[in-house]
Each structure stands twice: as structure tokens, then as C-alpha cells.
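Have a look at the structure below before the remarks.
2 protein chains.
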Amino acid sequence: VAAGLGDDAATLEVPPGEQLVVSSDCSVEDVHFRRAWFSGHEIGYRAAMAALSDLAAMGASPLGITLVLAFPPAQRHEIEAVADGIAAAARETRCRILGGDLSRAAALFCSVTVLGSAPHPVRRAGARVGDALFVTGTLGAPGAALRALNAGDAPSAGQRARFARPQARLREGRWAAAHGASAMIDISDGLVSDAAHLAAAGGVGLTIDLDRLPVVQGVTAAAAAGSGEEYELLFAAASDLATGDFEREVALSLTRIGEVAAAAPGGRVTFVQAGRRVDLAPGHDHFSP
Amino acid sequence: VAAGLGDDAATLEVPPGEQLVVSSDCSVEDVHFRRAWFSGHEIGYRAAMAALSDLAAMGASPLGITLVLAFPPAQRHEIEAVADGIAAAARETRCRILGGDLSRAAALFCSVTVLGSAPHPVRRAGARVGDALFVTGTLGAPGAALRALNAGDAPSAGQRARFARPQARLREGRWAAAHGASAMIDISDGLVSDAAHLAAAGGVGLTIDLDRLPVVQGVTAAAAAGSGEEYELLFAAASDLATGDFEREVALSLTRIGEVAAAAPGGRVTFVQAGRRVDLAPGHDHFSP
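Top to bottom, those sequences are chains A and B.
Just remember that our numbering sits 85 ahead of the position in the first sequence, which is counted from 1.
Just remember that our numbering sits 85 ahead of the position in the second sequence, which is counted from 1.
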């Protein structure tokens with residue numbers, strides 16, 4: 086997967102007429118994850134997919150990854166598993182490892198920069214009054230896994246897999262971009278927080294119906310809306326969007342969960358359930374700074 | 086200087102017909118530097134210039150920077166100085182801060198990704214037998230500063246400035262690329278090590294005359310060749326290169342220090358002084374992993 090590692094920098098062709106899209110993320114031991122929860126391979130895979138999810142949220146196609154790995158010298162063997170996990174994520178999303186840097190450090194530290202391109206990147210701002218709001222996949226599994234792990238319990242295999250091996254919704258993001266999505270974001274901080282980001286960026290008021298939220302079994306809609314690490318996409322698009330085409334073409338559910346109700350400087354999100362307004366606080370992520 | 090920080094990723098136009106050039110570097114407390122040596126501003130400035138130097142070595146023009154900063158919560162105030170130092174380096178080299186990530190961590194950790202572009206990036210491989218070897222600027226000051234600091238002495242102001250505020254030789258690298266440089270590298274590991282990298286990449290034997298080495302006062306040619314953190318450029322080009330034009334146009338010395346003597350699979354570097362062959366070991370950098 087590696088390419089161009091012999092030079093001072095790597096080179097890349099950006100497809101003519103497309104814009105470069107770039108994002109850098111870090112993953113730090115005891116801040117973003119606990120070593121006891123994941124294998125080295127999963128730590129690397131998650132870090133890369135979390136960064137790639139930012140490309141998905143722009144409707145971009147990945148081109149390459151650079152990585153910085155720092156770790157205690159005694160863990161040199163395990164860092165190979167982390168690098169293998171990053172390489173696996175790169176292979177699955179068909180992008181190249183372009184290079185990077187290694188260092189020793191007191192704790193495991195992983196920084197991933199992803200490069201991609203899109204003809205028309207979709208931003209957080211741009212949601213139009215009258216658009217409908219859509220979410221990919223189902224919510225709630227990573228949050229349930231995190232709650233179980235924090236309580237010292239074992240999460241179910243399905244919930245653990247969603248938490249340990251998230252999938253960047255790259256095809257889904259490109260589909261949304263190609264079908265007129267006016268604004269998009271990934272749900273890495275949780276639906277409550279990220280819907281607020283989308284509303285604030287666009288200066289709009291969003292209404293989200295919790296009864297429509299696609300949630301995994303055993304998780305309430307409110308819990309699923311509050312928890313992060315989801316890496317599903319939330320986007321605004323015309324209300325007659327062909328969700329059936331989406332589901333056929335990318336083999337994932339797409340659910341209409343609300344609408345862009347009004348202009349609202351500064352942004353506003355209203356959650357309703359059984360026809361009544363519900364107040365939801367943003368989820369608290371124990372592993373964010 | 087910051088742009089596009091509100092979206093999941095930043096977007097960038099790569100000039101039509103040019104290739105994207107990208108490199109990621111990290112700078113870790115007690116590995117790459119000691120806190121006692123530098124201000125927070127200098128730590129950030131150095132980290133950014135070291136990464137930008139990789140673009141210089143490809144003959145590329147910088148477009149943007151992403152950064153990841155991790156630090157102990159109690160040092161939040163100082164991290165602003167680090168970020169200011171990175172922003173100063175970005176301003177001086179006319180590139181944008183595109184975004185990044187912040188985290189807490191046990192020690193200060195800084196990862197910088199630089200993006201640039203070039204019509205024809207210059208690689209480490211490509212030196213042609215018969216080419217001459219050129220080096221920009223003067224060598225030896227950062228190594229002398231590091232030796233003084235390690236010995237508990239104060240370096241001279243000039244040596245300290247070269248160590249604490251390195252300059253990425255971006256104009257110099259572009260000049261070399263535009264004037265037919267066949268292979269180029271920055272001297273971040275020291276001339277002995279980086280000449281070996283250039284020789285190995287190109288499968289050539291280099292001869293370098295230590296008597297021609299441009300060194301600062303008070304440092305021997307052997308010491309200057311062995312020490313790293315220089316961030317000058319070493320490149321191969323036609324032996325009739327107009328070094329006078331270079332010096333007029335970029336206001337820095339350019340010195341012919343040797344030649345590409347022969348093909349040599351695996352690479353070979355021969356140092357001569359006073360007409361005799363001299364054996365030089367690669368410099369030992371106390372702060373590399």
C-alpha cells in the first residue's frame with residue numbers, strides 16, 4: 086500500500102477539475118481510547134476510518150493517507166499492528182499510504198491526515214429551508230458498547246464491532262453529493278451535537294422526529310441521539326430524494342428523520358417525540374479532551 | 086491565517102497541471118527537543134519549518150498546513166504560543182492553516198502536515214553521472230548550538246537563531262527545480278547521512294570535497310558534515326549551473342561541493358580533504374528515536 090516513502094515528500098495527482106479535500110485527526114491513548122478495549126490493529130483501523138469519515142462527510146473520494154505514529158520503545162511490536170490496521174483501512178477504501186513519521190513517546194499517539202478530492206465538496210453550511218434531513222445506517226451501537234465497557238461489562242459482539250471497526254460512509258457521501266445534498270456532516274460527536282453544528286453553520290432551524298430515528302435494538306432513540314463515535318452521515322437534501330435508489334445502490338438504509346424548518350441565525354435544533362417537543366442535551370464523551 | 090476550520094475537512098485548489106506534494110512530520114517533547122531550550126513559539130515555528138523544508142526539497146510551493154497538537158491540560162496557555170509559532174511560519178511562507186485537531190496528552194506532541202504543489206517535483210533519485218553537487222547556505226551552526234546546549238553551555242546568538250528558527254529553503258528549492266536539478270534532498274539528518282540517501286536513491290557514487298564545504302566560523306568541516314537539523318538543500322545539477330544567478334536572485338550562497346562521479350548500485354559517498362580520502366560516520370542526533 087505504501088508509495089513514495091523514499092522521498093522528502095510524496096506526490097499525488099488530483100483529478101482535473103476536482104478540489105483537494107484534507108483533514109487531520111489524532112487518536113491518543115487514554116483520551117480517545119483505552120488500550121484494554123482494542124487490539125493494536127483496531128486502534129489503527131479506527132483512527133484511519135475516523136479520519137476518512139471526514140472525507141465522506143464532504144462527499145469526497147480518498148486519494149491517500151499520511152500518518153504519524155509515536156509510541157514507547159517497548160511497544161515497537163504492537164505499533165506494527167497499529168500500522169497494519171491503518172493499512173487495512175487504506176486498502177478497503179482504495180487509497181494509498183503516502184508516507185509519514187515515526188517517533189518514540191511516553192504513550193501511544195496516532196495522527197492521521199487524509200487527502201481526497203471531489204468535484205463539488207459538500208459543506209456543513211448550505212441547508213435550505215424546505216429540505217428534508219436524512220441519516221445513513223442505524224444509530225446507537227457504538228454508544229451502547231462504550232457504556233458497557235465503561236461499566237466493566239462486555240458489549241454484544243455486534244455493538245463491539247460497530248465501535249471497534251467503524252466504516253467511513255464514503256460511497257454514501259458521494260451518493261448524497263451527486264444527488265444534490267445541500268449540507269452534510271458526519272455524526273462523530275453524536276446526533277444532538279452534530280445536528281447543532283449543521284444548524285449553526287447554515288443559520289437554520291432543524292426539526293428531528295425521534296420516532297423516525299433508525300436505532301439498533303435495545304437502545305432508546307434519546308440514547309442513540311446523544312452518543313458519539315457513530316460515523317454515520319447526516320445531510321439535508323430535497324424532500325423527494327430517492328431513498329430507495331440509495332438503499333439499492335449502496336446497500337445501507339437511508340432514513341428521513343426531519344426537515345429544515347426555518348431560517349434561524351445561530352442555528353436551532355428541535356427534537357420531537359410522539360408529537361411533543363423533547364429537550365436533549367449533547368452526549369458526554371468520556372474520551373474527549 | 087486559518088481557513089475552512091468549520092467543515093469536516095478543508096478544501097484546496099491545486100494549480101492546474103501541477104502535482105500535489107505532501108509530507109507529515111512530528112515533533113515530540115524530550116525526543117526532538119527539550120522544553121528548556123525553546124519558547125513555545127519557537128517549538129511551533131521549528132516544527133512547521135522542518136515540515137516545510139520537505140516541500141523545499143521537492144522544489145514545491147506550499148499551499149497549506151494541517152496540524153495536530155496534543156498537550157497536558159495545565160499547559161493550555163503555552164500551546165497558544167506553539168500555535169502562534171506555526172502560524173508565523175505559515176505567514177512567512179504564504180500558506181494557509183487548513184485545520185487540524187487538538188487533544189490532551191501526557192507530553193507536548195506536535196504533528197504538522199504540509200501540502201504544496203510543483204509542476205515537476207524533484208526527487209532524491211535522478212542524479213546523473215557528471216552532474217555537480219551543490220549545497221545552499223552554510224553548515225554547522227545548528228550542530229554547534231546543540232553541542233553547546235547538551236554541554237550545559239549557552240550557544241552564540243547566531244548559532245542559537247539557526248537552531249531555534251530554521252528557514253525552509255523554499256525559494257532556493259524552486260530555483261534549483263527550475264534550473265534543472267536532477268535530484269535533491271534537505272540536510273535534516275546531516276550532510277553525511279543525507280548525501281548517502283541521495284546516493285542510494287540514485288544508485289550513484291558521490292565525491293564531496295570537505296575543503297569546499299561552506300561552514301560557519303569555529304566549526305570544522307567534519308563536524309558540520311556530521312550534524313543534522315541544518316535544513317539546507319543538497320542537489321545535483323549540471324556542472325555549469327549559474328551559481329551567481331542563484332546568489333543574486335535568492336540572496337543566499339550556493340556552493341559546489343563535489344560531483345556525481347560514477348554509477349554505484351546501492352550508492353556510495355566518498356569524502357576527500359586536502360586531496361585525501363576521509364572516513365566520516367553519520368552524525369549522532371541525540372534527539373532522534
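Just so you know, even glycine gets a beta-carbon here, dropped at the ideal spot from N, CA and C.
Buried versus exposed, by CB contacts within 10 Å (16 or more), residue i
i, result
"residue 279(B)", "buried"
"residue 88(A)", "Because residue 88(A) sits at a pLDDT of 40, beneath the cut-off of 50, its placement in the model cannot be relied upon, and the following sentence gives the value as read from the coordinates. Answer is exposed; the Cβ neighbour count stays below 16."
"residue 322(B)", "buried"
"residue 247(B)", "buried"
"residue 371(B)", "Only weak support exists for where residue 371(B) lies, its pLDDT of 44 falling under 50; the value from the coordinates is given anyway. Exposed, because fewer than 16 other Cβ atoms sit within 10 Å of the Cβ of residue 371(B)."
"residue 302(A)", "exposed"
"residue 373(B)", "Confidence at residue 373(B) is low in this model, with a pLDDT of 40, below 50, so the placement of that residue should be treated as unreliable; the coordinate-derived value is given next. Classification for residue 373(B): exposed."
"residue 103(A)", "buried"
"residue 98(B)", "exposed"
"residue 327(A)", "exposed"
"residue 161(A)", "exposed"
"residue 121(A)", "exposed"
"residue 314(B)", "buried"
"residue 93(A)", "buried"
"residue 359(B)", "exposed"
"residue 242(A)", "exposed"
"residue 362(B)", "exposed"
"residue 110(A)", "buried"
"residue 203(B)", "buried"
"residue 334(A)", "exposed"
"residue 324(A)", "exposed"
Extent of the continuous beta strand (DSSP E) run through residue i
i, result
"residue 110(A)", "104 to 113"
"residue 269(B)", "268 to 271"
"residue 214(A)", "First-last for residue 214(A): undefined, no H or E at that position."
"residue 320(A)", "318 to 322"
"residue 361(A)", "361 to 363"
"residue 97(B)", "95 to 97"
Selected residue, minimal CA-CA separation from residue i, among the options
i, options, result
"residue 158(A)", "352(A), 263(A), 190(A)", "190(A)"
"residue 139(B)", "111(B), 253(B), 118(B)", "253(B)"
"residue 130(A)", "96(A), 178(A), 121(A), 156(A)", "178(A)"
"residue 154(A)", "92(A), 113(A), 258(A), 268(A)", "113(A)"
"residue 367(A)", "257(A), 223(A), 272(A)", "272(A)"
"residue 186(A)", "101(B), 93(B), 197(B)", "197(B)"
"residue 339(B)", "148(B), 218(B), 176(B)", "218(B)"
"residue 332(A)", "222(A), 299(A), 363(A)", "222(A)"
"residue 304(A)", "244(A), 356(A), 346(A), 146(A)", "244(A)"
"residue 268(B)", "215(B), 146(B), 231(B)", "215(B)"
"residue 290(A)", "117(A), 118(A), 348(A)", "348(A)"
"residue 227(A)", "209(A), 180(A), 276(A)", "276(A)"
"residue 148(B)", "124(B), 108(B), 128(B), 91(B)", "108(B)"
"residue 181(B)", "146(B), 212(B), 188(B), 258(B)", "146(B)"
"residue 356(B)", "307(B), 324(B), 336(B)", "307(B)"
"residue 350(B)", "312(B), 237(B), 365(B), 210(B)", "210(B)"
One or two residues paired with residue i in a DSSP bridge
i, result
"residue 138(A)", "Residue 138(A) pairs with nothing; no bridge assigned."
"residue 344(B)", "217(B), 292(B)"
"residue 207(B)", "Beta-bridge pairing links residue 207(B) to no other residue."
"residue 382(B)", "A question about residue 382(B) goes unanswered here, because the residues of chain B that appear run from 86 up to 374."
"residue 355(A)", "292(A)"
"residue 202(B)", "105(B), 146(B)"
"residue 339(A)", "221(A)"
"residue 300(B)", "224(B)"
Enclosing alpha helix (DSSP H) for residue i [first to last residue]
i, result
"residue 186(A)", "Counting along the chain, residue 186(A) falls outside any alpha helix (DSSP H), though it belongs to the beta strand (DSSP E) covering 181 to 189."
"residue 256(B)", "255 to 263"
"residue 243(B)", "242 to 249"
"residue 331(A)", "328 to 335"
"residue 278(A)", "276 to 287"
"residue 161(A)", "161 to 177"
"residue 120(A)", "First-last for residue 120(A): undefined, no H or E at that position."
"residue 91(B)", "Looking at the DSSP string, residue 91(B) is not in any alpha helix (DSSP H), and its letter there is neither H nor E."
"residue 234(A)", "226 to 235"
"residue 366(A)", "Run containing residue 366(A): none; DSSP gives neither H nor E here."
"residue 306(B)", "306 to 311"
Below-8 Å beta-carbon distance, residue i vs any chain E residue
i, result
"residue 98(B)", "Going by chain labels, chain E is absent from the structure shown, which instead holds the protein chains A and B."
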